[in-house]
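S.K.:
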Amino acid sequence: MGKNKKEMKQKVKHPRNHRENFINAAKYWEDEHDDSSYQVTQPRLSPSDEEDKESKEEREEADGVDDVSNGEEEARDDETLWDGMPSKFLLYQESVQKPKGDISYMQKFFLMYVGGRKPLYLQEDFCGTALLSTEWIRSDSRRTAVGLDLDLEALDWCMENNIPKVGGDGFSRLSLFHGNVLRPLQSKLVKSNPLELIKNITLEENRENLQTGDLESNSQAGSVAQDDKCIKRDFPARDIVCAFNYSCCCLHKRADLVLYFKHAHSVLSPEGGIFVMDLYGGTSSEGMLKITRTFPNFTYEWEQADFDVIERKTRISLHFQLKKKQGKLSRAFSYSWRLWTLPEIRDCLEEAGFKSVHFWLRKMPDLTKSTRIEGFGVGKDDKYEEVTSFEQQNAWNAYIVGVNY
């Protein structure tokens, strides 16, 4: 071949008109964060050993976004977890979610592709317990967030457990809506009053105060009603919309995926904004798979059932084996997923109106060698990189960024 090794991936060369944004992003990176505060996000498919003591100490010392589970709060969480039967939502947050890494990359993407201002307004779709949104508003007193999810129990759990950690203004800066991401204007605001969880006010009823975008669909699949404006006056147009934890795989039909992307696009600021989602793949993703990770008080297990190569569908189950003789939470969470490909996602984002789409990938540990991940340390060079081509691996993880400007 003329070379000892073939290049696995081709890095992106950006046009000159993006040079200023890249310089600004780099300057922001150096001024506000050291390298340790931007370790790779905890991957959801095969979470690595990024949370070792050294990495944790580095994050606690780093400037920028505070860790949601450090110091006194971490101790309180541990007490809550093992005082009785633990909440499945707490177990999920401990084993799957790493909001600091996601926020770090979202800030980087925004400064690179939009620039000119600091991102302040976030929408987290498929938010669950809205841990990411909670951490977002903790990181800057000017920041606000909107969360949307179908699971009222998870939203209520956030109200009782996550938002109070932010402080007195947390409830005024984070608004949670119970509803379907495909019909967001029909969603209802979740109230902190446990006697009145859902206020009988919908986004649809506040159209006269709305600022920008189209959310509610009409009867035609894949379309967005032109007269429905997104989000009332109290909710500014978003700088960033995100859908993490592989949530877009819950949408099985291409028309639904495009429709959702149109909704996300419609709420972004006319001055520029980004949509960010994640995806996993690789040869190991197209078959039965079990991955485990051991924590001090429980073991987390990801189980993927048979994979349908024609419809690209599978079922994911998350189990938690508890210690201290507390048994096992089998199928604490279970999902029916369609595993989309990167080209499919790009085509749908472009069809939804995004001006450009960018892929940030990293190679994951080879799951044919081991499915217990304690030994998989992540070095400082193992970060996501923007690529235009990427050689197939046993396992990979990706951020996908759609840009509106």
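Mapping of the sequence shown onto my numbering: position 5 corresponds to residue 252, and the numbering continues sequentially without gaps.
Cβ coordinates follow ideal geometry from the N, Cα and C atoms, glycine included.
1) Is DSSP giving LEU589 helix, strand or coil here?
2) Can the beta-carbon of LYS560 be found less than 8 Å from the beta-carbon of HIS499?
3) Span of the beta strand (DSSP E) holding VAL505?
4) GLY417 bridges to which residues according to DSSP?
5) Which word fits GLU518, buried or exposed, when buried means at least 16 other C-beta atoms lie within 10 angstroms of its C-beta?
6) Can you give me the start and stop residues for the alpha helix (DSSP H) that ALA401 sits inside?
7) Quick check on the DSSP output: the alpha helix (DSSP H) that includes ARG385 runs from which residue to which?
8) So within the region 350–378, which uninterrupted beta strand (DSSP E) runs reach at least 3 residues, ignoring any that extend past its ends?
9) Quick check on LEU526: does DSSP put it in helix, strand or coil?
10) At the level of alpha carbons, what is the spacing between LEU337 and ASN409?
11) Entirely within the region 528–571 and at least 3 residues each: give me those beta strand (DSSP E) ranges in chain order.
12) According to DSSP, is GLU633 part of a helix, a strand, or is it coil?
13) For SER583, count neighbouring C-beta atoms within 10 Å of its own C-beta (all shown protein chains included) and say buried if the count is 16 or more, exposed if not.
14) What did DSSP end up calling PHE424 once you bin it into helix, strand or coil?
15) Look at the alpha carbon of SER419 and the alpha carbon of LEU596, and state the distance between them as a whole number of angstroms.
16) What whole-angstrom Cβ distance do ALA552 and ARG562 have, given they're in contact under 8 Å?
17) Considering only the beta carbon of each residue, do ARG501 and LEU369 sit closer than 8 Å?
18) Would the region 601–609 and the region 644–652 be scored as touching if the rule is three or more Cβ pairs under 8 Å?
19) Under a Cβ-count criterion, where at least 16 other Cβ atoms within 10 Å of its own Cβ denotes burial, should PRO543 be classed as buried or exposed?
20) Quick check: what's the CA-CA separation for LEU565 versus LEU536?
21) Starting from LYS335 and walking both ways along the beta strand (DSSP E), at which residues does that stretch end?
22) Exposed or buried, LYS602, counting other C-beta atoms within 10 Å across all chains shown (16 or more means buried)?
23) Thinking C-beta only, is VAL361 closer than 8 Å to ASP403?
M.R.: The relevant details are as follows:
1) helix
2) yes
3) Counting along the chain, VAL505 falls outside any beta strand (DSSP E), though it belongs to the alpha helix (DSSP H) covering 501–513.
4) DSSP, once it has assigned bridges, lists no residue as partnering GLY417.
5) exposed
6) 399–408
7) 378–386
8) 368–372
9) strand
10) 10 Å
11) 536–541, 545–551, 560–569
12) strand
13) exposed
14) strand
15) 32 Å
16) 4 Å
17) no
18) yes
19) exposed
20) 12 Å
21) First-last for LYS335: 335–342, but that is the alpha helix (DSSP H), not the beta strand (DSSP E).
22) exposed
23) no
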